[in-house]
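Q: Here it is, the structure, as structure tokens.
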Amino acid sequence: MEKTHIIKNRDGHYWGRAKEWVDGSERSRVAQYTHRDEASNTLFEISSKDFGLRAEILEVHLKNGKLPKLEVSQIPLPGFEETDDESTELAVENSV
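Numbering (our numbering), first residue to last: 101 to 196.
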């Protein structure tokens with residue numbers, strides 16, 4: 101049985117192929133590492149930029165060469181939260 105390694109943070113997000121966190125709903129976007137040391141090196145690089153990061157390397161068994169269904173995080177991805185500034189901008193634009 102084939103296995104791979106993936107990186108998951110404490111919010112339940114997975115490190116993606118595009119070098120950003122993904123929620124796991126699209127398995128093809130999750131970065132996979134054949135060897136644990138590759139995943140360890142990547143995790144080290146990520147954590148050197150974000151010293152508050154808490155993440156783990158998971159060993160996952162592939163099903164027919166693909167990742168099995170992953171648990172999708174209910175916590176919003178970083179950078180996708182609406183702020184009060186965005187709401188105010190929309191209100192100002194619509195008031196004209």
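Built from N, CA and C at the ideal position, the CB exists for glycine as well. Every value quoted in this text rests on a predicted model; they were computed, and no experiment measured them.
What is the rounded straight-line gap between the Cα of residue 150 and the Cα of residue 143?
A: One-based indexing of the sequence shown puts residue 150 at position 50. One-based indexing of the sequence shown puts residue 143 at position 43. If you draw a straight line from the Cα of residue 150 to the Cα of residue 143, it comes to about 10 Å.
Q: Kindly indicate the opening and closing residues of the alpha helix (DSSP H) around residue 143.
A: Here residue 143 refers to the residue found at position 43 of the sequence shown. 136 to 149 is the extent of the alpha helix (DSSP H) around residue 143.
Q: For the segment 116 to 129 against the segment 152 to 162, do three or more pairs of beta-carbon atoms, one drawn from each stretch, fall closer than 8 Å, so that the two count as touching?
A: no
Q: Does residue 174 pass the burial test, meaning 16 or more other C-beta atoms within 10 Å, or should it be called exposed?
A: On the sequence shown, residue 174 is found 74 positions in, with the first residue counted as 1. When all chains shown are included, residue 174 counts as exposed.
Q: On a Cα-Cα basis, can you pick out the residue from 111, 110, 136 and 152 that is closest to residue 104?
A: Position 4 of the sequence shown, counting from 1, holds the residue named residue 104. The shortest Cα separation from residue 104 among 111, 110, 136 and 152 belongs to 136.
Q: Between the C-alpha atoms of residue 156 and residue 129, what's the straight-line distance to the nearest angstrom?
A: Position 56 of the sequence shown holds residue 156. Position 29 of the sequence shown holds residue 129. Cα to Cα, the separation comes out at about 18 Å.
Q: Could you tell me if residue 170 is buried or exposed, where buried requires 16 or more neighbouring beta carbons within 10 angstroms of its beta carbon?
A: Position 70 of the sequence shown, counting from 1, holds the residue named residue 170. Residue 170 is buried by the Cβ-count criterion.
Q: Look at residue 79 and residue 106 and say whether their C-beta atoms are less than 9 Å apart.
A: Since the displayed the chain opens at 101 and closes at 196, residue 79 lies outside it and no answer follows.
Q: Going by the DSSP bridge assignment, what does residue 116 pair with across the sheet?
A: To locate residue 116, count along the sequence shown from 1; it is residue 16. Note: residue 116 sits in a beta bridge opposite 130.
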